[in-house]
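Trainee:
There are 2 protein chains.
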Amino acid sequence: MDKSARIAVVERAKLFAGLPDDTVAAAADGAQVRVIDKGEAVFRQGDDATHHFIVAWGRLRLDQTTPDGKNIVLRFMGPGDLVGSVAVWRNVPYPATPLAVDETRLLVWSEARMMELMQAHPPLAMKAMNMMGGRIEELQERLQQVATQQVERRIAATILKIANQSGRKVETGVEIPFALSRQDLAEMTGTTLHTVSRTLSGWIDEGILEGRRSSHLVICRPHRLVEIAEQA
Amino acid sequence: MDKSARIAVVERAKLFAGLPDDTVAAAADGAQVRVIDKGEAVFRQGDDATHHFIVAWGRLRLDQTTPDGKNIVLRFMGPGDLVGSVAVWRNVPYPATPLAVDETRLLVWSEARMMELMQAHPPLAMKAMNMMGGRIEELQERLQQVATQQVERRIAATILKIANQSGRKVETGVEIPFALSRQDLAEMTGTTLHTVSRTLSGWIDEGILEGRRSSHLVICRPHRLVEIAEQA
DNA sequence: GCCGCGATTTGCGGTAACGCAAACCGCCGG
DNA sequence: CCGGCGGTTTGCGTTACCGCAAATCGCGGC
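As you go down the protein sequences, you meet chains W and Y in turn. Position 172, counted from 1, in the first sequence is what our numbering calls 172; the numbers after and before it change by one each time, with no gaps. Numbers in our numbering are just positions in the second sequence, counted from 1, shifted up by 1000.
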């Protein structure tokens, strides 16, 4: 990946968007590139947090394993998303494992390099705080959902969120363009594989979705799904 | 509250702890004081975020109301805790309402004043990011709990966390020194008042807790509670 | 001291969702 | 073309938890 390609990635990244050209250029200069094969991890939960990453292409699933062996999916991440930084800044081990769900290309900065960047370009700190604030809000919303809403609503809301941030238009509706298993959905919504499967089956029967026995879902009637997500 | 009292509060606050004296003094100088009566709100969910607050004395309960009228308790906050800042920095309305559960005294900074402070004292930004990172981790942990663990474990873990951050030693064990209703616990753990009451009743019968029909709980056998929180 | 209000306790169904188990299907490699 | 593997679907019994409703109690006001 040459310099202009790196610049293009950096300026579309949420952490750098809207910052002056020289900031973007400096950031692009300091970055390394790393490729992660499908199924591989960028780093592992518990590792020392030494590097910041930004997704250039591809997609990651951020997994957290609990002490008793259960697994939850914190989020999916795509181009422009920042990975690992919270742990680096706090000086704690990475709290989760980002797995490549497709082949993924990342830009990488060492802790020191990013520190220099932030000192040389103060607005970066503001941007970073903005992003962390967004994560906090998102987590609060999910907590509220899991704590108060029933499973059907949570699954609907989750599918809609993923579709909003990664969906592509196809003939029959909006497609989720990567492998999203029932297990993944279960681990995002705090339920079981079985319940997800049953629920989706119902929706497929009603023509809201397509994608029986296929992990590429297509949402045919998004409006109906919104109704389910919001129904009292 | 005179200047030296304000300084004492500021240097114990998580946002300023360990920073140079001149930073602390500058912060204390820029602060106003505000008193909130028991039961009153510091601000309301949805208000424009214009000020940063730090709790000096007292205790707040951070509530979030969902669109469909349900309520969840995000956290309790005591002396040293930062309130409202995430929303101010992100330039979004306050996402929750902090209610005084006891009479509470706060230090207040306007958005502009805090901005000046952060520009004059760059390490502040780092501290702020640290704190936000802590919130993210805490939320991820709670999400994981609500999503994967059963009610009994969640209640035990919640009581233990509150006891750790606010418990006081008394003759029979560790007391939670403020009014914590069954309803509050229900809204923190994502369950109902009834289930919390039943669960606590059981524990009181077993001698793990004291506090029947009283909102000041005393934990008599913390170790047993830890076992419950961690049991497979 | 008595009364009434709000929080808590407790009983009793009801049910959403789990968990096991088995059948099913599409894909990939041989 | 076939067989096996991994993800999915589906049936069925179980259960943890909810939701209503009534009884109980402590506390503050009169």
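Note that CB positions come from ideal geometry on N, CA and C, so glycine has one too. Owing to the predicted nature of the structure, the values given are computational and were not obtained by experimental measurement.
1) Would you decide whether Y:H1223 is buried or exposed? Buried here means 16 or more other CB atoms lie within 10 Å of its CB.
2) With 8 Å as the C-beta to C-beta threshold (strictly closer), list the residues of the segment 1124-1139 of chain Y near chain W in chain order.
3) Could you give the residue range of the beta strand (DSSP E) that holds W:V35?
4) Spatial neighbours of Y:E1138 within its chain, please: C-beta separation below 8 Å, excluding the five flanking residues on both sides.
5) For the beta strand (DSSP E) that contains Y:L1015, what are its first and last residues?
6) Would you please verify whether the beta carbon of W:L117 is less than 8 Å from any beta carbon of chain Y?
7) I'd like to check one pair, Y:I1204 with Y:R1221: are the Cβ atoms closer than 8 Å?
8) With C-beta atoms as the reference, is Y:R1154 less than 8 Å away from Y:T1189?
9) At 7 Å on the CB atoms, spell out the chain W contacts of Y:K1070, in chain order.
10) Can you have a look at Y:D1029 and say buried or exposed, based on whether 16 or more other CB atoms are within 10 angstroms of its CB?
11) Quick one: what's got a C-beta closer than 8 Å to W:F16's C-beta in the same chain, skipping five residues either side?
12) How big is the Cα-Cα spacing for Y:I1036 and W:R105?
13) Return the residue from the list Y:S1004, Y:L1160, Y:A1005, Y:K1014 that minimises the CA-CA distance to Y:N1130.
14) Cβ of Y:P1095 less than 8 Å from any chain W Cβ?
15) Rounded to a whole number of angstroms, what is the C-alpha to C-alpha distance between W:R198 and W:L180?
16) Closer than 6 Å by C-beta to W:D184: which residues in its own chain qualify, once you throw out the five before and the five after it? Chain order, please.
17) Taking the beta carbon of Y:A1087 as the centre, do at least 16 other beta carbons fall within 10 Å, making it buried, or is it exposed?
18) What residue range does the alpha helix (DSSP H) around W:A41 cover?
19) Taking 8 Å as the threshold (C-beta atoms), are W:F53 and W:L107 in contact?
20) Leaving out five residues before and five after Y:E1171 in sequence, what residues of the same chain have Cβ atoms less than 6 Å from its Cβ?
21) Can you tell me the Cα-Cα spacing of W:P95 and W:L62, whole angstroms?
22) Please report whether the beta-carbon of Y:V1086 lies at a distance below 8 Å from any beta-carbon of chain W.
23) Do you know offhand how far Y:R1012's Cα is from Y:A1031's?
24) Rounded to whole angstroms, what is the Cα-Cα separation between Y:P1177 and Y:I1162?
25) By how many angstroms is the C-alpha of Y:R1090 removed from the C-alpha of W:R135?
26) Closer than 7 Å by beta-carbon distance: list the chain W residues that pair up with Y:T1199, in chain order.
27) Identify the contact partners of Y:W1089 in chain W, using a Cβ-Cβ distance below 8 Å as the criterion.
28) Secondary structure at W:K127, three-state DSSP: helix, strand or coil?
29) Which bits of chain Y does W:R142 rub up against, with CB to CB less than 8 Å?
30) Where W:Q45 and W:L217 are concerned, what is the direct C-alpha to C-alpha distance, given to the nearest angstrom?
31) Can you tell me whether W:M77 is helix, strand or coil according to DSSP?
Mentor: Concretely, from the data shown:
1) Result: exposed.
2) Those would be A1125, M1126, A1128, M1129, N1130, M1132, G1133, G1134, R1135, I1136, E1137, L1139, in chain order.
3) Boundaries of the beta strand (DSSP E) around W:V35: 32-36.
4) Taking C-beta separations shorter than 8 Å and ignoring five residues to either side along the sequence, the partners of Y:E1138 in its chain run R1075, following chain order.
5) That residue, Y:L1015, is in no beta strand (DSSP E); it is neither H nor E in DSSP.
6) Taking Cβ atoms only, chain Y never reaches closer than 8 Å to W:L117, which makes this a no.
7) Not a contact, by the Cβ cut-off of 8 Å.
8) Y:R1154 places its beta carbon less than 8 Å from that of Y:T1189.
9) By Cβ distance, chain W contributes T148.
10) Counting the other CB atoms within 10 Å of its CB gives Y:D1029 a total below 16, which places it among the exposed residues.
11) Counting only Cβ-Cβ distances below 8 Å, and skipping sequence neighbours, we find V10, T23, V24, A27, L124, K127.
12) When rounded, the distance between both Cα atoms is 51 Å.
13) Nearest option by C-alpha distance: Y:K1014.
14) Yes, because at least one Cβ of chain W sits closer than 8 Å to the Cβ of Y:P1095.
15) For W:R198 and W:L180, the distance between alpha carbons rounds to 16 Å.
16) The beta carbon of W:D184 lies closer than 6 Å to those of V73 in the same chain, with the five residues before and after it left out.
17) Here Y:A1087 is buried. Its C-beta has 16 or more other C-beta atoms within 10 Å.
18) Per DSSP, W:A41 belongs to no alpha helix (DSSP H) and is neither H nor E.
19) W:L107 places its beta carbon less than 8 Å from that of W:F53.
20) When the five nearest sequence neighbours on each side are left out, no beta carbon in the same chain lies closer than 6 Å to the beta carbon of Y:E1171.
21) Looking at the two C-alpha atoms, the distance is approximately 10 Å.
22) True, the Cβ-Cβ gap to chain W drops below 8 Å.
23) One Cα belongs to Y:R1012, the other to Y:A1031, and the distance between them is close to 15 Å.
24) C-alpha of Y:P1177 to C-alpha of Y:I1162: approximately 10 Å in a straight line.
25) The straight-line gap separating the alpha-carbon atoms of W:R135 and Y:R1090 is approximately 11 Å.
26) The contact set of Y:T1199 on chain W, defined by CB atoms closer than 7 Å, is empty, because the minimum CB distance reaches about 16 Å.
27) Neighbours of Y:W1089 on chain W, chain order: M126, M129, N130, G133.
28) Looking at W:K127 - three-state DSSP - the assignment turns out to be helix.
29) L1143, listed in chain order.
30) Distance between the alpha carbons of W:Q45 and W:L217 is about 29 Å.
31) Residue state, collapsed to three classes: strand.
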